[in-house]
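**Q** Residue numbers (my numbering): 3 to 131.
Where is the CB? At the ideal position from N, CA and C, for every residue including glycine.
As the structure is a prediction and not an experimental result, all values here were calculated from the model.
Structure below; questions to follow.
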């Protein structure tokens with residue numbers, strides 16, 4: 003009811019940084035109700051970040067799952083099927099970008115960049131400089 007299952011919580015609790023740190027995560031949730039799994043996915047984003055994983059900012063929530071799948075387990079809705087494929091493509095693309103050398107350059111530059119490059123501006127009463 004609005005959260006992820008206890009079984010998943012237990013599994014996550016038995017794992018830690020070794021299993022997730024630096025890994026790319028794509029989130030897909032399936033729910034029986036009309037609200038879908040959006041709240042569960044949002045909670046899992048936080049868990050992923052806490053475990054120092056890279057959570058892809060695109061996720062898929064499939065509501066009313068009993069109506070969305072056929073007897074063989076295939077999605078009936080082609081739009082949802084396309085979103086699931088997009089999620090897989092995005093996870094793959096982010097993982098690739100994370101592994102190439104340019105990402106390392108970016109991360110090194112990130113470490114030494116000023117926190118607020120525009121923060122040195124002074125504000126006069128009523129005016130911005």
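Quick one: any contact between the region 34-51 and the region 73-82, if contact means 3 or more CB pairs under 8 Å?
**A** Verdict: no, contact absent.
**Q** If you compare alpha carbons, which of 84, 95, 20 and 118 is closest to residue 58?
**A** Taking only the C-alpha atoms, the option nearest residue 58 is 95.
**Q** Residue 90: buried (16+ other C-beta within 10 angstroms of its C-beta) or exposed?
**A** It is exposed - the Cβ of residue 90 has fewer than 16 other Cβ atoms within 10 Å.
**Q** Which residues mark the beginning and the end of the alpha helix (DSSP H) in which residue 53 is found?
**A** Careful: residue 53 lies outside any alpha helix (DSSP H) and carries neither H nor E.
**Q** Below 8 Å CB to CB, which residues in the same chain sit around residue 55 once its five sequence neighbours on both sides are set aside?
**A** Closer than 8 Å at Cβ, skipping near neighbours: 22, 23, 24, 25, 26 and 27.
**Q** Please name the residue, chosen from 14, 20, 107 and 61, that lies closest to residue 88 on a Cα-to-Cα basis.
**A** Out of 14, 20, 107 and 61, 61 has the C-alpha closest to the C-alpha of residue 88.
**Q** To the nearest angstrom, how far is it from the Cα of residue 34 to the Cα of residue 79?
**A** Roughly 16 Å separates the two Cα atoms.
**Q** Closest by CA to residue 14, which one among 48, 39 and 37?
**A** That would be 48, whose Cα lies nearest to the Cα of residue 14.
**Q** Quick one: Cα of residue 114 to Cα of residue 100, how far?
**A** Cα to Cα, residue 114 sits roughly 19 Å from residue 100.
**Q** Count the other C-beta atoms from every protein chain shown that fall within 10 angstroms of the C-beta of residue 81, then say buried if there are 16 or more, exposed otherwise.
**A** Exposed, because fewer than 16 other Cβ atoms sit within 10 Å of the Cβ of residue 81.
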